[in-house]
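Numbering (the numbering used here), first residue to last: 414 to 700.
What follows is the structure, encoded as structure tokens:
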């Protein structure tokens, strides 16, 4: 596959009449493009789809390379590509990938999971309104509750997060609290951590710092126990925000710096910038 990607990018770049430097602009450094075209490295999912967009490569070609339309069923909606884009909150590229998937190849559970992804992605890219998204998610909720409980939990959590984003704090926490026991019993580490982070954020928005701190501390403990960095930077930054609001500035700075280190490892520039801004704000308060 690495050879196919190298050939595709090099060919399309030359067809467009642009240099490696021009292609790299706003995406990565020129050296990365050079290595990709030589077949020395495979681009990350986010870089690849940014290149695809810039070169206006037809998605049918991309589908063939990634074997997204393979006639043998491969649970593609659960693929690492989809998970990575969801984790990185790269909703524009996630929407691009989801368009390549064929619902006819999916099981009933996968169709519901796919529809959940579409609803969340459309909301985050502002293709759907708040009310449209809530209505769609509630439809998925009723279909998933009895048969696909792990998906049901994801949908409840998504509804709660969207209510929280729209400042309907009481309703958001009502949804979150309805599934606390279920998530604590869940064996899916990533789902547990995502839930703990989300409910902590909801309590933070409601200005309940004690509960927000309790849940984010649990999230960090779970991550460290698992020896993972899944949502570690996000959780450390969340704790920094809470400690800052509690006027525990030295502790907040410590968590900020730790979060920045993780974001640098994961190449999460936006979150890194947010952590750096918080660090500067704290320093200014102490002057």
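Backbone N, C-alpha and C define an ideal beta-carbon position, used for all residues, glycine too.
Near the ligand GTP: residue i beta-carbon under 7 angstroms from a heavy atom
i, result
"residue 677", "Of the ligands one can find in the structure shown there are none, so the ligand GTP has no counterpart to examine."
Cβ pair residue i, residue j closer than 8 angstroms
i, j, result
"residue 575", "residue 606", "no"
"residue 511", "residue 530", "yes"
"residue 615", "residue 585", "yes"
"residue 650", "residue 684", "yes"
"residue 646", "residue 682", "no"
"residue 434", "residue 443", "yes"
"residue 436", "residue 467", "yes"
Sequence-distant residues of the same chain with beta carbon closer than 6 angstroms to residue i, five excluded per side
i, result
"residue 526", "490 and 564"
"residue 438", "none"
"residue 581", "none"
"residue 533", "571"
"residue 676", "646, 684 and 685"
"residue 454", "448"
Residue i, DSSP secondary structure in three states
i, result
"residue 540", "coil"
"residue 456", "coil"
"residue 502", "coil"
"residue 438", "coil"
"residue 425", "helix"
"residue 519", "coil"
"residue 546", "helix"
"residue 514", "coil"
"residue 583", "helix"
Neighbourhood of residue i by C-beta, 8 angstroms cutoff - its chain only, sequence neighbours within 5 removed
i, result
"residue 695", "657, 662, 665, 666 and 669"
"residue 595", "562 and 566"
Enclosing alpha helix (DSSP H) for residue i [first to last residue]
i, result
"residue 594", "593-598"
"residue 574", "562-578"
"residue 663", "662-679"
"residue 655", "645-658"
Own chain residues within Cβ distance below 7 angstroms of residue i, not counting five before or after
i, result
"residue 671", "649"
"residue 429", "468"
Counting Cβ pairs, one atom from each stretch, are 3 or more of them under 8 angstroms apart for the stretch 498-515 and the stretch 543-563?
No, they do not touch.
Report yes or no: do the stretch 643-661 and the stretch 616-629 share at least 3 C-beta pairs separated by less than 8 angstroms?
When C-beta atoms of the stretch 643-661 are compared with those of the stretch 616-629, three or more pairs fall below 8 angstroms, so the two segments count as touching.
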